[in-house]
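In case it helps, the working numbering puts the sequence shown at residues 12 to 100. Using N, Cα and C, we set each Cβ at its ideal position, and we do this for glycine too. Quick caveat: nothing in here was measured; it's all calculated off a predicted structure. The structure under discussion appears below in the form of C-alpha cells.
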Amino acid sequence: MIKHEENRVVVEELLGLALDTPTARLMPKLRKYARERLDSGYPNDQLYADFMAASDQISERDVEEEREDAILDTMDFLTGWCAPEARLY
Numbered sequence: 012m013i014k015h016e017e018n019r020v021v022v023e024e025l026l027g028l029a030l031d032t033p034t035a036r037l038m039p040k041l042r043k044y045a046r047e048r049l050d051s052g053y054p055n056d057q058l059y060a061d062f063m064a065a066s067d068q069i070s071e072r073d074v075e076e077e078r079e080d081a082i083l084d085t086m087d088f089l090t091g092w093c094a095p096e097a098r099l100y
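In C-alpha cells:
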C-alpha cells in the first residue's frame with residue numbers, strides 16, 4: 012500500500028515535469044519517470060491514479076494542450092491502450 016504522502020509527492024513531481032519540460036521532450040521524460048517508478052515497485056494502478064490527478068490539475072491551468080496530451084498518452088502506456096511495444100507494464 013502506498014502512503015498518501017508518497018501519492019502527493021508523485022503528483023507534484025509529475026506536475027513539475029509537465030510544466031517545466033519543453034513540450035518536445037515531455038513524453039520521453041514522462042515515460043522514463045513512469046518506468047522508473049514501476050521498476051522501483053510502485054503499483055501500476057496507483058501510478059495511473061497519480062497521472063490522473065496530475066492531468067486533472069493540468070487541465071485546470073492555462074497551458075499548452077500538448078502538456079495534458081503527454082500525460083494522457085503516458086496513462087495509455089500504463090494501461091496497454093497503445094501498441095504492444097509501447098506498454099509500460
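Distance cut-off 6 Å: residue i Cβ against heavy atoms of the ligand ADP
i	result
Asp-31	Because no ligand of any kind appears in the structure shown, any question about the ligand ADP cannot be addressed here.
Assumed close pair residue i, residue j - CB separation to whole angstroms, cut-off 8 Å
i	j	result
Thr-90	Ala-45	At roughly 11 Å, the Cβ-Cβ gap does not stay under 8 Å, so Thr-90 and Ala-45 are not in contact.
Ala-29	Ile-69	6 Å
Selected residue, minimal CA-CA separation from residue i, among the options
i	options	result
Tyr-53	Val-21, Ala-35, Pro-33	Val-21
Asn-18	Ile-69, Ala-65, Glu-76	Ala-65
Glu-96	Leu-30, Leu-25, Arg-42	Arg-42
Leu-26	Arg-98, Trp-92, Arg-72, Glu-16	Arg-72
Same chain, Cβ closer than 6 Å to residue i, neighbours up to 5 away in sequence not counted
i	result
Tyr-100	Asn-55
Met-38	Ala-81
Neighbourhood of residue i by C-beta, 8 Å cutoff - its chain only, sequence neighbours within 5 removed
i	result
Met-63	Met-86
Glu-75	Thr-34
Arg-48	Val-21, Leu-58
Glu-24	Tyr-44
Same chain, Cβ closer than 7 Å to residue i, neighbours up to 5 away in sequence not counted
i	result
Glu-79	Ser-66, Ile-69, Ser-70
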